[in-house]
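Engineer: Residue numbers (our numbering): 11 to 261. No residue lacks a Cβ here, since even glycine has one placed at the ideal position from N, Cα and C.
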């Protein structure tokens, strides 16, 4: 194929092909008009970020290769969905109260997944971010897509979003984003300083798996549980960057 280099304000058949491919990969509704305007450029940046490429909005050989490769082209491809499956294995895990792990092996594993120690103890503090950190650590071990990711060890929701996610090239977007919508395996940060993992999406609701919650949906609960959450209480979604078959980080 002749990999035509296109960028902002380019026009022609190659741009129309690009727009159609982006629509199929990102499940968005770009107008296929053959003009690479700001919306198309923003979609290119999102695709490049998700594919492990330099996210500069310029479509060259490597971006075309990622768009056209059979693996990247699969609409069902979502390597991060394994994160939800990992989280599900912890559903029902309970603390002894007051954020204490007791002798529960899974709770001890969760608390040891971060670097916080208080008075010589690894427990005794809210652990929703520690739970998500553990699940991402396991994903990085199990999946070659994430093997190069610097896995989080964060006990804090704020640090997970504002420090770790931003410093590690994650895609961060809101529920009102015009380009992206939540998928299974995305990490979800709520408006009330709480964090979990998306298991499924239905309309304006997401089914999540969360640590340190309860039947009322508190961020100060005692267990890992499956919850149904409305988009209007969600601050941000976090999508992990992944390596797409070793494609070079260049367009």
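What are the boundary residues of the alpha helix (DSSP H) that residue 237 is part of?
Structural biologist: Residue 237 -> not in any alpha helix (DSSP H); beta strand (DSSP E) instead, spanning 233–240.
Engineer: For residue 129, count the other beta carbons within 10 Å of its own beta carbon; 16 or more makes it buried, fewer makes it exposed. Which is it?
Structural biologist: Residue 129 counts as exposed, since fewer than 16 other beta carbons sit within 10 angstroms of its beta carbon.
Engineer: Can you give me the C-alpha to C-alpha distance between residue 171 and residue 34, rounded to a whole angstrom?
Structural biologist: 28 Å
Engineer: Rounded to whole angstroms, what's the CA-CA distance from residue 30 to residue 103? Just pull it up for me.
Structural biologist: 45 Å
Engineer: Quick one: measure Cβ to Cβ for residue 61 and residue 179, integer angstroms, because I've assumed they're closer than 8 Å.
Structural biologist: With a Cβ gap of about 12 Å, residue 61 and residue 179 do not count as contacting.
Engineer: Given that a residue counts as buried once 16 or more other Cβ atoms are within 10 Å of its Cβ, and exposed if not, what is residue 222?
Structural biologist: Around the beta-carbon of residue 222, 16 or more other beta-carbon atoms lie within 10 Å, marking it buried.
Engineer: When we look at the beta-carbon of residue 124 and count the other beta-carbons within 10 Å, is it buried (16 or more) or exposed?
Structural biologist: buried
Engineer: Thinking C-alpha only, which one of 185, 232, 22 is nearest residue 138?
Structural biologist: 232
Engineer: So, for residue 119: in the same chain, excluding its five sequence neighbours on each side, which residues have a beta-carbon less than 7 Å away from its beta-carbon?
Structural biologist: The beta carbon of residue 119 sits closer than 7 Å to the beta carbons of 144 from its chain, once the five residues preceding and following it are set aside; these are given in chain order.
Engineer: May I have the straight-line CA-CA distance separating residue 22 from residue 76, to the nearest angstrom?
Structural biologist: Roughly 20 Å between the two C-alpha positions.
Engineer: Are the beta-carbon atoms belonging to residue 16 and residue 24 less than 8 Å from one another?
Structural biologist: yes
Engineer: Do you know how far the Cα of residue 38 is from the Cα of residue 157?
Structural biologist: 28 Å
Engineer: Contact check, residue 194 vs residue 94 under 8 Å by CB: the rounded distance?
Structural biologist: 5 Å
Engineer: Nearest-angstrom Cα distance between residue 19 and residue 78?
Structural biologist: C-alpha separation (whole angstroms): 22 Å.
Engineer: Run the CB neighbour count on residue 220, radius 10 Å, all protein chains shown included, and call it buried at 16 or more, exposed below.
Structural biologist: Here residue 220 is buried: its Cβ has 16 or more other Cβ atoms, across all protein chains shown, within 10 Å.
Engineer: Can the beta-carbon of residue 205 be found closer than 8 Å to that of residue 142?
Structural biologist: yes
Engineer: Tell me, to the nearest whole angstrom, how far the beta carbon of residue 266 is from that of residue 135; I am working on the premise that it is less than 8 Å.
Structural biologist: Because the chain in this structure spans residues 11 to 261, residue 266 falls outside the shown range and cannot be described.
Engineer: Sorry if obvious, but does the Cβ on residue 26 come closer than 7 Å to a heavy atom of the ligand ZN?
Structural biologist: Of ligands this structure carries none, so the ligand ZN is not represented either.
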